[in-house]
Amino acid sequence: MRRWLTSREALVTGLLVLLVLFTGLVNPNALKFRSLVEVVNASLSLLLITLGEMFVILTRGIDVSVGSAAGLSAVVLGLTLNLGWPLSLAILAALATGLLAGAVNAVGVTLLRVPPIIMTLGTLGIYRGLMRILTGGSWIENLPQNIKALNLWHLLGVPFFVWATLAVLALTAYVTWRARPARYFYAVGDNPEGAYFLGLPVRPTQFAAYTLAGFFAALAAVVFTSQIGFVSMNAAEGYELKAIAANVVGGVSLTGGVGTPLGAAVGALFMTAVHSMLIFLGVPGIWDNAFAGVILLLVVYLDYHVRRTLEFRRRQARVQGEAAWEAEGGRS
Amino acid sequence: MADQGPLLELRDVWKVFSGVPVLKGVYFDLRPGEIHALLGGNGSGKSTLMKIIAGAYRLDAGEMRLLGRPVRVESPSAAQRLGIYMVPQEPHVFPHLTVRENLSLGLDLDPETFRRKLATVLDHLDFEVDLEEPAAFLSIAQQQLLEIVRGLLRDARVLIFDEPTSALTFREAEQLFDQMRRLTERGIGIVFISHRLGEVMEVAHRVSVLRDGVMVLRAPRERLTPHDLVRAMLPETAEEGEGPAELERARRGERPVLEVRNLTSEAFRDASFDLYPGEVLGIAGLVGSGRTELAEAIVGLDPHARGEVRVGGVLLPRRTPAICQRHGLVYVPEDRHAHGIFLDLPSLYTMTAGILPRLGRFLLASAKERRIGERFVDLLNIKLQGLDQIAGTLSGGNQQKVVLAKALAGEPKVVILDEPTRGIDASARRDVYRLIRRLTAQGLGVILISSELEEVVELADRVLVMYRGRIVGELEGDAISLERVTEASFGMALEAAS
């Protein structure tokens, strides 16, 4: 039964493998170790943002400001580096920015009771605007070598960031699986009223979710800034919607309470892999977005259809069961 | 159990909601090891009283004592810390978490202590369940046991059961009663809220009855009969048999406008009845008896319902609200805000929402639309500044009239009214009653669902009484009386009324 509930991860992983294998049949280059590592490497920032977004969605919320929060963190990272701050301090400043951006959303949603979509739509604009205000609208270039060097480290032929992100994913997965406070994310999203009734800290949990989303956005900012080597004003733009889509593909339910970090990560990997595989297949890049959209709808529809059929059968069986019991003269 | 001080005691408790007192100086006590049943009609204040005990509401005046000590209960979790646990009518289940996770949530125990305690509690209750299964797969009875386990894990000394049997089968209810008796052997006090007198007489040690926020009866069960309980719940001024006697109609030869045969769903079974033109058929029953679900199944809102519905002799094998409307069957739902009215739009939009095709193929004939609107404003005596007044700014009674106008605009043959006068003032209520009489005089068939039994008694020519998802009785003409309808609603068999 447990397997039934988690099958979404299996389904998406299976689809992902099929997609890669199919691409490999057409263009064997896709199956080379280096290509595969490159696909993973390209998915890292989306993966991190998706993980943060997952906590918010688990609590039945939504955060559309994560892309802007990542962009703002990247700006702080770039500016502090160019001011001559040491790498570690600059990264800390970027992470603090992400935390703060998330905390502002959290205050709006949990204390001021602004609906999440409205609160984060507002901060989506504010954070993106702050980026331009801080930089005067120009890109941040000429970053010191130390930040770019992070991306060049390799271990066993795999970039450092891939290892680091895997470590973050493993840690998140473990904590989400075992830690008691992590259980609250699920409980609050699954049945908010019940959570309150049992004395669970409903609002602190929601607060933590939005703050985590900001923090993970900042982690992503560090990764993509190092990978690209400069900060554009459009950095991570549109990632909020990609992250939501990746969560949905990975089985994180928008109605709250369902999903795992692993699923979210596979979802993000899948969304990125679709782009990469289209390139290997020689499909022009202009098809990317349309294709990703079709995949999203397909996965979600399949899943919805299966669930609805099961629910329908269960209810029919209950009506028939009562009728049969009745016919046997069940009630005394 | 005897000679012990009360476990829980409430003295002179008052609760006022927006100026209206709901509890007026109530006394209630619970002894260790006792099952104390609390009875009362809809709106008598018993839910409010229980919510005060369980910490969901705060009392406005009065005192609550636990083992003789005055206590303040600020929240459900505060109540739980004091050893008071309410098993809610709808168990609080986290469907996607496992049973174990459901049970451990909100508990401050280390895993080892939790495991040991849980094992003891499950063993004591004889509750066999797969702890690693998602709670979504639990039956309702198991979900209730899960709530009991939660209470015991919190060392509850006071358990409150709010209509625990309303969703259970007969067998499951019996098992629950055994559990309750076993719990009392450990000194736990149980407050048992139920609408079913049979159950109350079976398990309770003592019975209290609330009526209109006042405790009107408290006595040991042995000294009571079911009739005493019904009498205590009835309003003092109840006048018997004042049904509209002038409606002695000769409708024997007529064809029914609505025929329902063997309609069955999760919430009710084997409903069969006819409705004749010009008749008001009341459906009485307590909350949860299946009344609303029956209405919803008739108009096709429950896709799982089985059975036959004929309107004007035509069988409707597939029913949706739209199909039913086309055949002249309209449902006016209980919750007008959720299902009946466009609150942010001009009132006229709601009134004509059902007949737009008649007002033009693409462009709407606005003059005609306004004429129809004005006709209903007159007919129903709707008080509004103009047809364009936003519906949400009307008073509750006028909103309800707008909803009725919408239902009637399509000139239906049958109207099902679910709680048509809930939350509206006396004069609007009179208007609605007058309208119902006028419509039936023109040959419309009306099904009136109401938890206000007085209303059913006053308006209906015939009454079907539902109890636990079944039509348990039919009363007609002079046989319709408040006492009889009440008794049947609470599950006391009707003596053959003819």
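So the protein sequences, as listed, match chains A and B. Each residue of the first sequence is one higher than the one before, starting from 645 at the first, in this note's numbering. Each residue of the second sequence is one higher than the one before, starting from 24 at the first, in this note's numbering. Backbone N, C-alpha and C define an ideal beta-carbon position, used for all residues, glycine too. Being a predicted model, the structure only gives us computed values, none of them experimental.
- In this structure, LEU304(B) sits near ILE470(B), with a CB-CB distance shorter than 7 Å.
- In this structure, PRO118(B) and ALA158(B) form a Cβ contact; the two beta carbons are roughly 6 Å apart against a cut-off of 8 Å.
- PRO243(B) is outside the set of residues whose beta carbon lies under 7 Å from a beta carbon in chain A.
- Annotation: ALA328(B) is outside any beta strand (DSSP E) and is labelled neither H nor E by DSSP.
- Rounded to whole angstroms, the separation of the alpha carbons of GLU881(A) and VAL866(A) is 15 Å.
- The three-state reading of DSSP puts ALA242(B) in strand, counting E and B together.
- Relative to the Cα of SER717(A), the nearest Cα in the group MET877(A), TRP797(A) and TYR828(A) belongs to MET877(A).
- If you draw a 10 Å sphere on the C-beta of ASP484(B), you find 16 or more other C-beta atoms in it, and that means buried.
- Ranked by Cα distance from MET224(B), the first of THR248(B), ASP235(B) and ILE211(B) is THR248(B).
- If you look at THR816(A), you'll find it in the alpha helix (DSSP H) that goes 804–822.
- Contact between ASN835(A) and ILE784(A) is absent: CB atoms are separated by about 45 Å, not below the 8 Å threshold.
- Taking every protein chain shown into account, the CB of ILE777(A) has fewer than 16 other CB atoms within 10 angstroms, so this residue is exposed.
- Nearest to ARG81(B) by C-alpha distance, out of LEU62(B), TRP37(B) and GLY48(B), is TRP37(B).
- The continuous alpha helix (DSSP H) containing LYS74(B) extends over residues 69–76.
- Boundaries of the beta strand (DSSP E) around MET489(B): 485–490.
- Interface flag for ALA831(A) against chain B is set, since a Cβ pair is found closer than 7 Å.
- In this structure MET489(B) does not touch PHE215(B) by the C-beta definition: roughly 22 Å separates them, more than the 8 Å allowed.
- For the C-beta of PHE841(A), the chain B residues within less than 7 Å are, from N- to C-terminus, PRO99 and HIS115.
- The shortest CA-to-CA distance from GLY500(B) to any of LEU487(B), MET515(B) and ASP401(B) is the one to LEU487(B).
- Proximity of chain A to GLU124(B) at the Cβ level (cut-off 9 Å) is accounted for by ARG827, TYR830 and ALA831, in chain order.
- Your pair VAL455(B) and MET374(B) does not check out as a contact, with CB atoms roughly 16 Å apart and the cut at 8 Å.
- Cβ atoms of GLU697(A) and ASN891(A) come within 8 Å of each other, at about 6 Å.
- Spatial neighbours of ALA879(A) in its own chain (CB-CB distance under 6 Å, excluding positions within 5 residues in sequence) are listed in chain order as GLY715 and ALA718.
- When DSSP states are grouped into helix, strand and coil, PRO848(A) belongs to the helix group.
- Looking only at GLU155(B), SER288(B) and PRO187(B), the smallest Cα-Cα distance to ASN125(B) is reached by GLU155(B).
- Between SER473(B) and the set LYS69(B), ILE459(B) and ASP441(B), the nearest pair of CA atoms involves ASP441(B).
- According to the DSSP secondary-structure assignment, ARG34(B) is paired through a beta bridge with GLU86(B).
- By the CB criterion at 7 Å, ASN285(B) and ASP293(B) fall inside the cutoff.
- Around the C-beta of GLU392(B), 16 or more other C-beta atoms lie within 10 Å, and the residue is accordingly described as buried.
- DSSP places GLY715(A) outside any beta strand (DSSP E); the residue lies instead in the alpha helix (DSSP H), whose first and last residues are 710–726.
- With contact defined as three or more Cβ pairs closer than 8 Å, the segment 684–703 of chain A and the segment 800–813 of chain A are in contact.
- Annotation for PRO44(B): no alpha helix (DSSP H) segment contains it, though the beta strand (DSSP E) segment containing it runs 43–53.
- With respect to GLY843(A), SER100(B) sits close: the two C-beta atoms are nearer than 7 Å.
- A Cβ-Cβ separation of about 6 Å places ALA428(B) in contact with LEU403(B) under the 8 Å criterion.
- Not one beta carbon of chain B lies nearer than 7 Å to the beta carbon of LEU655(A).
- At least one beta carbon of chain B lies nearer than 7 Å to the beta carbon of ASP834(A).
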